[in-house]
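Student: Residue numbers (our numbering), protein chains in the order written: chain B, 8 to 156; chain Z, 8 to 156. Built from N, CA and C at the ideal position, the CB exists for glycine as well. All figures in this text were calculated on a predicted structure; none of them were measured in a lab. Okay, here's the structure, questions in a sec.
There are 2 protein chains.
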Amino acid sequence: MTEQVPNEQFNLGLLLFIPYRALEDRVFAALAKAGYDDFTPAQARVFQRIGPDGTRLTELAQAAQITKQTAGFLVDQLEHAGYVERTPDPTDARARLVRVATRGAGTVPVGAAAIAAVEAEWATHLGSKPMAQLRQTLSRLREIADPYR
Amino acid sequence: MTEQVPNEQFNLGLLLFIPYRALEDRVFAALAKAGYDDFTPAQARVFQRIGPDGTRLTELAQAAQITKQTAGFLVDQLEHAGYVERTPDPTDARARLVRVATRGAGTVPVGAAAIAAVEAEWATHLGSKPMAQLRQTLSRLREIADPYR
DNA sequence: CTACTTTAGACAGAGCAACTGACTAGTGTC
DNA sequence: GACACTAGTCAGTTGCTCTGTCTAAAGTAG
């Protein structure tokens with residue numbers, strides 16, 4: 008399996024996906040090691056989108072690009088495991104705000120540390136300037152590529 | 008939902024995932040429009056990894072980071088839909104090579120065109136130099152982040 | 001060349017994650 | 001007050017992925 012083409016061998020999609028997957032795996036492993044092993048990647052992708060003041064189910068679904076039903080299913084599981092809680096939305100009696108609960112809050116520093124460790128490794132490999140450019144470029148890309156925003 | 012922090016609001020994982028997802032969606036839509044609407048994202052992720060001379064199931068599974076069983080299941084479906092075919096591996100009677108079949112080959116230019124269109128949009132938004140840097144940086148990142156390689 | 005170990009892949013069974021469609025209840029508008 | 005819209009749930013289905021088990025071929029050691 009020798010490389011015939013230098014950079015173009017992999018399309019951009021794969022090039023974006025590979026480090027994403029690597030990062031996710033690392034964060035997952037770190038959380039599992041810290042005792043947070045009772046949730047799944049799908050649940051984590053929803054959890055990540057919860058804002059500091061709580062977020063409605065419908066908003067979570069839009070942000071994660073899944074249906075309300077799926078989001079509800081995943082939040083049910085997160086709630087059952089103690090990572091999140093549902094509180095009434097004072098501004099709308101139909102809605103409820105999904106908030107990070109005590110157990111969920113415990114995951115945040117662990118996840119952040121794992122991300123920081125991976126980013127540090129990447130910065131070592133790439134150089135700190137290309138690493139900063141990568142982040143900045145991806146942030147700009149989000150402006151046009153994020154259907155939610 | 009105002010931005011409080013300029014770039015750091017989203018972690019790198021999300022920043023990688025958002026454009027990946029956007030690109031995948033666009034390619035999917037283009038393929039569906041061209042009549043290739045009878046396959047799923049999971050199948051496409053396996054299909055993408057098939058090399059020009061065919062690839063063994065076990066290799067596909069490793070590359071896509073799924074189990075052999077899952078890869079076999081997805082290849083079954085791709086084979087049934089006419090996108091790939093299985094041929095004996097001349098070097099190992101146990102193994103078979105998964106190859107792109109006629110119908111599968113038809114998807115390649117359509118997918119490539121969709122990717123090129125998205126990349127052109129992104130280059131317009133980012134500037135062509137940052138776009139080239141993005142590709143180069145991601146390629147270098149693959150060197151350490153791709154567990155398969 | 002025979003016995004053991006490893007590898008390629010298939011089969012069976014189960015759980016999770018996503019979807020569509022139909023529904024209830026609260027909100028907003030005319 | 002009637003009607004349209006929105007937040008979320010319930011029911012049912014499909015698809016993806018896993019673990020565990022199995023067969024057959026290949027490689028290795030005696």
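(1) Which parts of the stretch 67–122 of chain B are runs of the alpha helix (DSSP H), unbroken and 4 residues or longer, counting only runs that do not cross its ends?
(2) Would a check of beta-carbon distances place A29 (chain Z) closer than 8 angstroms to chain B?
(3) Leaving out the 5 sequence neighbours to the left and right, which residues in its chain are closer than 8 angstroms to P26 (chain B) when beta-carbon positions are compared?
(4) According to DSSP, T62 (chain B) sits in a beta bridge with which residue or residues?
(5) Which class does F35 (chain Z) belong to by DSSP, given the choice of helix, strand or coil?
(6) Could you give the distance in angstroms between the alpha-carbon of A121 (chain Z) and the alpha-carbon of P48 (chain Z)?
(7) Considering only the beta carbon of each residue, do R147 (chain Z) and L148 (chain B) sit closer than 8 angstroms?
(8) For the alpha helix (DSSP H) holding T47 (chain Z), just list the boundary residues, first then last.
(9) Using a C-beta cutoff of 8 angstroms, does E126 (chain B) count as contacting chain Z?
(10) Run through DSSP, which three-state label would Q140 (chain B) get?
(11) Would you say A37 (chain Z) and V117 (chain Z) are within 8 angstroms of each other, going by their C-beta atoms?
(12) G20 (chain B): which of Z:R103, Z:F24, Z:G20 sits nearest, CA to CA?
(13) Give me the Cα-Cα distance between G111 (chain B) and V105 (chain B), rounded to the nearest whole angstrom.
(14) Measuring alpha carbon to alpha carbon, tell me which of B:I57, B:Y43, B:V115 ends up nearest R93 (chain B).
(15) Could you check what DSSP says for N14 (chain B) in three-state terms: helix, strand or coil?
(16) From A51 (chain Z) to A78 (chain Z), what does the alpha carbon distance come to, in whole angstroms?
(17) Nearest-angstrom Cα distance between A152 (chain Z) and D153 (chain B)?
(18) Give the DSSP-derived three-state secondary structure of A41 (chain B) in the structure shown.
(19) Applying a beta-carbon distance threshold of less than 8 angstroms, which residues of chain Z neighbour T64 (chain B)?
(20) Any residues in the stretch 33–52 of chain Z with a beta carbon nearer than 9 angstroms to a beta carbon of chain B? Which ones, in chain order?
(21) Under 8 angstroms between C-beta atoms, does A112 (chain Z) make it to chain B?
(22) Does DSSP put R56 (chain B) in a helix, in a strand, or in coil?
(23) Taking Cβ-Cβ distances shorter than 7 angstroms, what residues in chain Z pair up with A152 (chain B)?
(24) Distance, Cα to Cα, M138 (chain B) vs G61 (chain B)?
Tutor: On the basis of the coordinates in this document:
(1) 75–87
(2) Your numbering for residue 29 (chain Z) matches position 22 in the second sequence. Closer than 8 angstroms: yes.
(3) Locating residue 26 (chain B) in the first sequence gives position 19, where the first residue counts as 1. Counting only Cβ-Cβ distances below 8 angstroms, and skipping sequence neighbours, we find W129.
(4) Locating residue 62 (chain B) in the first sequence gives position 55, counting from the first residue. Partner(s): B:V105.
(5) As a position in the second sequence, residue 35 (chain Z) is number 28, starting the count at 1. Three-state DSSP puts F35 (chain Z) in a helix.
(6) Here residue 121 (chain Z) corresponds to residue number 114 of the second sequence, with the count starting at 1. Here residue 48 (chain Z) corresponds to residue number 41 of the second sequence, with the count starting at 1. C-alpha separation (whole angstroms): 15 angstroms.
(7) Sequence index remark: in the second sequence, residue 147 (chain Z) carries index 140 (1-based). Sequence index remark: in the first sequence, residue 148 (chain B) carries index 141 (1-based). It is not a contact, given that the beta carbons lie outside the stated cut-off.
(8) Here residue 47 (chain Z) is taken as the residue at index 40 of the second sequence, counted from 1. Unbroken run through T47 (chain Z): none, as it is neither H nor E.
(9) The residue you call residue 126 (chain B) lines up with position 119 of the first sequence. Yes, E126 (chain B) counts as interfacial toward chain Z.
(10) Residue 140 (chain B) sits at position 133 when you count from the first residue of the first sequence. Note: Q140 (chain B) maps to helix in three-state DSSP.
(11) In the second sequence, counting from the first residue as 1, residue 37 (chain Z) sits at position 30. In the second sequence, counting from the first residue as 1, residue 117 (chain Z) sits at position 110. In contact: A37 (chain Z) and V117 (chain Z) (Cβ atoms closer than 8 angstroms).
(12) Along the first sequence, one-based indexing puts residue 20 (chain B) at 13. The shortest C-alpha separation from G20 (chain B) is found at Z:F24.
(13) Position 104 of the first sequence, counted from the first residue, corresponds to residue 111 (chain B). Position 98 of the first sequence, counted from the first residue, corresponds to residue 105 (chain B). Straight-line Cα distance between these residues: approximately 12 angstroms.
(14) Walking along the first sequence from the start, residue 93 (chain B) turns up at place 86. Of B:I57, B:Y43, B:V115, the residue nearest in Cα terms is B:I57.
(15) Reading the first sequence from its first residue, position 7 is the one you call residue 14 (chain B). Here N14 (chain B) scores only 41 on pLDDT, less than 50, and its place in the model should not be relied on; the value that follows carries that caveat. Three-state DSSP puts N14 (chain B) in coil, outside helix and strand.
(16) Start at 1 with the first residue of the second sequence, and residue 51 (chain Z) comes out as number 44. Start at 1 with the first residue of the second sequence, and residue 78 (chain Z) comes out as number 71. Answer to the nearest angstrom: the Cα atoms are 11 angstroms apart.
(17) Counted from its first residue, the second sequence places residue 152 (chain Z) at position 145. Counted from its first residue, the first sequence places residue 153 (chain B) at position 146. For A152 (chain Z) and D153 (chain B), the distance between alpha carbons rounds to 24 angstroms.
(18) Along the first sequence, one-based indexing puts residue 41 (chain B) at 34. Correct three-state label for A41 (chain B): coil.
(19) Working through the first sequence from its first residue, we reach residue 64 (chain B) at position 57. Reading off the sequence shown, one finds Leu at residue 64 (chain B), where the question assumed Thr. What L64 (chain B) touches in chain Z: nothing, since even the nearest Cβ is about 16 angstroms away.
(20) V34, R52
(21) For the purposes of this step, residue 112 (chain Z) is taken as the residue at position 105 of the second sequence. Not one chain B Cβ lies under 8 angstroms of A112 (chain Z).
(22) If you number the first sequence from 1, residue 56 (chain B) lands on position 49. Three-state result, R56 (chain B): coil.
(23) Here residue 152 (chain B) refers to the residue found at position 145 when the first sequence is read from its first residue. Correct list: I25, P26, A29.
(24) Within the first sequence, the letter at position 131 stands for residue 138 (chain B). Within the first sequence, the letter at position 54 stands for residue 61 (chain B). Roughly 31 angstroms between the two C-alpha positions.
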